[in-house]
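Protein chains in written order, with the numbering used here: chain A, 1 to 357; chain B, 358 to 506. No residue lacks a Cβ here, since even glycine has one placed at the ideal position from N, Cα and C. Reviewing the structure listed below.
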Amino acid sequence: MFESIQYWDPAAQFVLFSALKILVVFGVTMGFVSLAVVAERRVSAWIQDRVGPNRVGIPFTNIRFLGLGQMLADGLKFLLKEDFTPNYVRTVYFWLAPAITMIPAFLTLAVIPFGSTLGNSSNRMVIADLNVGILYTFGIVSLGVYGIVLAGYAANSKYPFLGGIRSSAQMISYEIAMGLSVIPIFLLVGSLNLGDVVGYQSGGLHTWLVWKQPLAFFIFLIAAFAETNRLPFDMPESETELVGGYHTEYSSMKFALFFLGEYANMIASCSMMVTLFFGGWTPPWGASAATTLWAGLGHVAWFLAKMIAMMLLFIWVRWMLPRFRYDQLMDLGWRRFIPMALFNILVTAFVVALWQR
Amino acid sequence: MSLRNLVHSALCLAVSLVGLALIYLGLDAEFIGWIQILVYVGAVSILIVFAILLTRGTEAPAGRITFAPWSGLIIAGAVFATLAWTVIKSKALTEITGNPSLDVSFVVKNIGGKLVAEYVLPLQVMGLLLTAALIGAVIIALHERKGLK
């Protein structure tokens, strides 16, 4: 049955494989999002010396399996809760905002090379092999701000409004630092294509860009915390002062879309960091594109392992650090990180120019 | 401006800018298309929305908001005509259409190379202009803060 596919014309093959890749990436990401929610609760429990959710297993059996059944229970809970729309909200925006938060997070995953090939060298493990991969990512990420601003505006009440305003200012500010921080990478690699960035780092552990650009990685990491609205920068939703910020008025699945959007954003920025700084799908001893199916799957597994490690770092940081004050956050973004990133660009440009001489 | 609410108008601007970016992408101009989304949709429009939300009430004003709706149409038409005229008269257009074998692969590298080698003076002038605008904005903001104290 499957042998006949190779006799199809290339366009049909391309459509089929792209659709398959999209489905698989979407499914795996959704799985990881719900897994990340459980992981967040378990890790926070370990850090705070609690037990955490470890009871829920497969329904109607005694099999607990580390409490992973919590994923299903959480999802079902969100779906079954009452979807309440307050009277005074701006309805269209109220419905639109959760979707606008969720969609960009998934769109960014399209350009990330999550593996080399699955044996067949013409079919690369990336959904869209854009030449301007990084521009695409930043363009899409910048759209995510709209979801939060609209949510704050749509709720038509003070706390969500303040949360929306705060987060738009914060996300715009840190987007600049984030964008500037990756420029040295592309000065070194000489291409905006993320596949080329991975190719540059495929020589093994010592060729990973995190060693050459530690400052860029540091700025990108901090900016990623701010972009995903996570502690230590979760001002937009700081519950002690804003009652939850922009999603105060949301309930049920609409709230879940914000909640899952945050984790999907985390996955996207972790994938981005793995691709840019940690060699993407290449194992630490270096590799070229896979020639067999199993080697290809191994590369995907390496990518996922690195991404999970980054996710754990995100969760760890969230439960270890207190929240910044808002003016401190802005001060850090504009007066520390942006000059640092500019300095980094300058130094890297000089080194690259001298190197090429 | 047919919409009464400023926030709605700003969001419509964002949607139309996305449409423009999609036209660029449809014409295979990846670089300019994504830059359009990044700069205009992701930064400029969001700043406009942000400024409106911060400074004005979010409710639509009651009375008339524009006093000469037709003047806007005339200005828009004039701007469009000027731009269209420039594009039609431009040397690049005749060069490309009159020479089908010309390599028009607008790779990012080529654009960058052209910018910092051949067109370095316009780039510098633009940078100077933007810096001046930035300093001006900072001075205005500083002045206001002094006035408050």
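_Rounding to the nearest angstrom, what Cα-Cα distance links residue 485 of chain B and residue 350 of chain A in this structure?_
22 Å
_chain A contact for residue 435 of chain B (CB, 8 Å cutoff)_ = no
*Could you say which of A:278, A:39, A:34 lies nearest to residue 207 of chain A if we only look at CA atoms?*
A:278
*How should residue 391 of chain B be labelled, buried or exposed, when 16 other C-beta atoms within 10 angstroms of its C-beta is the threshold for buried?*
buried
*Are residue 173 of chain A and residue 148 of chain A touching if we call contact CB-CB under 8 Å?*
no
*For residue 380 of chain B and chain A, any beta-carbon pair shorter than 8 Å?*
no
*Pull up the distance between the alpha-carbon of residue 321 of chain A and that of residue 474 of chain B, whole angstroms please.*
47 Å
*asked:* Alpha carbons only, please: which of A:327, A:113, A:331, A:27 is nearest the one belonging to residue 281 of chain A?
replied: A:113
*For residue 354 of chain A, does the count of other Cβ atoms within 10 angstroms reach 16, so buried, or fall short, so exposed?*
exposed
_If contacts are defined as beta-carbon pairs under 8 Å, then residue 105 of chain A and residue 144 of chain A qualify, I think. What distance do you get, rounded to the angstrom?_
7 Å
*For residue 129 of chain A, the first and last residue of its enclosing alpha helix (DSSP H)*: Neither: residue 129 of chain A is in no alpha helix (DSSP H) and is coded neither H nor E.
_Pair within 8 Å by beta-carbon distance, residue 264 of chain A and residue 71 of chain A_ = no
*What did DSSP end up calling residue 265 of chain A once you bin it into helix, strand or coil?*
helix
*Would DSSP call residue 101 of chain A helix, strand or coil?*
helix
*In whole angstroms, what is the alpha-carbon distance linking residue 337 of chain B and residue 437 of chain B?*
Only positions 358 to 506 of chain B appear in this structure, which leaves residue 337 of chain B out of reach.
*Identify the contact partners of residue 172 of chain A in chain B, using a Cβ-Cβ distance below 9 Å as the criterion.*
399, 400, 403, 404, 407
*Determine which residues share a DSSP beta bridge with residue 384 of chain B and list them.*
Answer is none; residue 384 of chain B lacks a bridge partner.
*Determine the extent of the alpha helix (DSSP H) in which residue 88 of chain A is found, giving its start and end residues.*
First-last for residue 88 of chain A: undefined, no H or E at that position.
*asked:* If the criterion is Cβ atoms closer than 8 Å, does the pair residue 440 of chain B and residue 135 of chain A meet it?
replied: no
*Can residue 163 of chain A and residue 245 of chain A be called in contact, C-beta distance under 8 Å?*
yes
*Hey, would you say residue 177 of chain A sits closer than 8 Å to residue 223 of chain A, going by beta carbons?*
yes
_Rounded C-alpha distance that separates residue 151 of chain A from residue 84 of chain A_ = 15 Å
*Chain-order list of residues whose beta-carbon lies under 6 Å from that of residue 50 of chain A (same chain, five-residue window excluded)*: none
*Under 9 Å between beta-carbons, which chain B residues line up against residue 165 of chain A? List them in chain order, please.*
407, 410, 411
_Proximal residues to residue 127 of chain A (C-beta, below 7 Å), its chain only, five neighbours per side dropped_ = 18, 21, 22, 25, 110
*asked:* Can you check which of these residues, A:328, A:348, A:33, A:274, is closest to residue 307 of chain A by C-alpha distance?
replied: A:274
_Beta-carbon proximity list for residue 267 of chain A, same chain, < 8 Å, skipping 5 on both sides_ = 29, 32, 33, 36, 105, 109, 307, 311
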